[in-house]
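These protein sequence lines map, in sequence, to chains L and R. With the working numbering, letter number 58 in the first sequence gets 55, and the count goes up by one each step, no holes. With the working numbering, letter number 79 in the second sequence gets 119, and the count goes up by one each step, no holes. Built from N, CA and C at the ideal position, the CB exists for glycine as well. Since this is a predicted model, take the numbers as computed values, not measurements.
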Amino acid sequence: RKEVEQDPGPFNVPEGATVAFNCTYSNSASQSFFWYRQDCRKEPKLLMSVYSSGNEDGRFTAQLNRASQYISLLIRDSKLSDSATYLCAAFNQGGKLIFGQGTELSVKP
Amino acid sequence: NAGVTQTPKFRVLKTGQSMTLLCAQDMNHEYMYWYRQDPGMGLRLIHYSVGEGTTAKGEVPDGYNVSRLKKQNFLLGLESAAPSQTSVYFCASTNGASEAFFGQGTRLTVV
């Protein structure tokens, strides 16, 4: 079982929809969490870090629930340009950075 | 701004051949990582390093070796390539609990 798991999708949504991704982690020593975006098998790039208090960046909101060991990403008012694969990641105190399987999002006109 | 550079970008190997992938970063990062990516599998951690001279096993270390002789370089070796090692390989570096930066990837095919 992977330390970080997420639904691989694909998620097919119309423009303007709200879509939510969830990710669970099994290592309670994980201390930092992230969402990355990956386009067409290019290198992943950081979308946003995830903080315990929750954080928002424009149409994107990330949440962390330490008690249940999951993180989430909410995308509001989806754009065609949001089509990509979204990867969650957990960094633990031993320096290990583990990624989930990635969730593919396709936003249609 | 070079960031993280991987060489080579593409390679075709015959079964049983060996090769080394080089990852170089110019951001003075302590932590470096090697991942492989296969369809539907996300990024799977092969080996990682928390500092010069240290290495540790990740999720899928078998068939690979690594070395971190210099802080800026992290080498991934395949001693005897197998078709199951056909994949896209990504290197990444970070200063810890902050953004990780990735190289552009190496597409390896083992025939």
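Sub-8 angstroms separation of residue i and residue j beta-carbons
i: residue 27(L); j: residue 96(L); result: no
i: residue 75(R); j: residue 84(R); result: yes
i: residue 14(L); j: residue 69(L); result: no
i: residue 150(R); j: residue 132(R); result: no
i: residue 22(L); j: residue 66(L); result: yes
i: residue 56(R); j: residue 120(R); result: yes
i: residue 104(R); j: residue 89(R); result: no
i: residue 81(R); j: residue 98(L); result: yes
i: residue 3(L); j: residue 100(L); result: yes
i: residue 144(R); j: residue 49(R); result: yes
Contact set between residue i and chain R, taken where Cβ atoms lie within less than 8 angstroms
i: residue 72(L); result: Here the premise fails: no neighbours, minimum Cβ distance about 19 angstroms.
i: residue 94(L); result: 71, 73, 85, 88, 132, 134 and 140
i: residue 43(L); result: 139 and 140
Under 7 angstroms by beta carbon: chain R residues contacting residue i
i: residue 61(L); result: Those within 7 angstroms of residue 61(L) in chain R number zero; the least Cβ separation is about 13 angstroms.
i: residue 97(L); result: 82
i: residue 88(L); result: 137
Cross-chain neighbours of residue i in chain L, by beta carbon under 9 angstroms
i: residue 50(R); result: Those within 9 angstroms of residue 50(R) in chain L number zero; the least Cβ separation is about 13 angstroms.
Proximal residues to residue i (C-beta, below 6 angstroms), its chain only, five neighbours per side dropped
i: residue 29(L); result: 88
i: residue 10(L); result: 16, 75 and 104
Per-residue contacts from residue i into chain L (C-beta, under 8 angstroms)
i: residue 42(R); result: Those do not exist, as residue 42(R) stays about 14 angstroms from chain L at its closest Cβ, beyond 8 angstroms.
Whole-number beta carbon distance between residue j and residue i, since they are thought to touch under 8 angstroms
i: residue 74(L); j: residue 56(L); result: 5 angstroms
i: residue 44(R); j: residue 65(R); result: 5 angstroms
8 angstroms CB neighbourhood of residue i in its chain, flanking five on each side removed
i: residue 58(R); result: 117, 118, 119, 120 and 121
i: residue 95(R); result: 87, 88, 89, 106, 107 and 108
i: residue 114(L); result: The structure shown does not extend to residue 114(L), since chain L spans only -2 to 106, so no value can be given for it.
Beta-carbon neighbours of residue i, restricted to chain L and to distances below 7 angstroms
i: residue 128(R); result: 38
Same chain only: Cβ atoms within 7 angstroms of residue i, ignoring 5 sequence neighbours per side
i: residue 106(L); result: 12 and 77
Requested in this report: Return the residues of the region 97 to 116 of chain R that lie within a Cβ-Cβ distance of less than 8 angstroms from chain L, sorted by chain order.
Outcome: Here the close residues are 98 and 99.
Report task. Name, going along the chain, the residues of the region 19 to 40 of chain L whose beta-carbon falls closer than 9 angstroms to a beta-carbon of chain R. Result -> Of all residues in the region 19 to 40 of chain L, the ones placed with a Cβ closer than 9 angstroms to any Cβ belonging to chain R are 28, 29, 31, 33, 35, 38, 39 and 40, in chain order.
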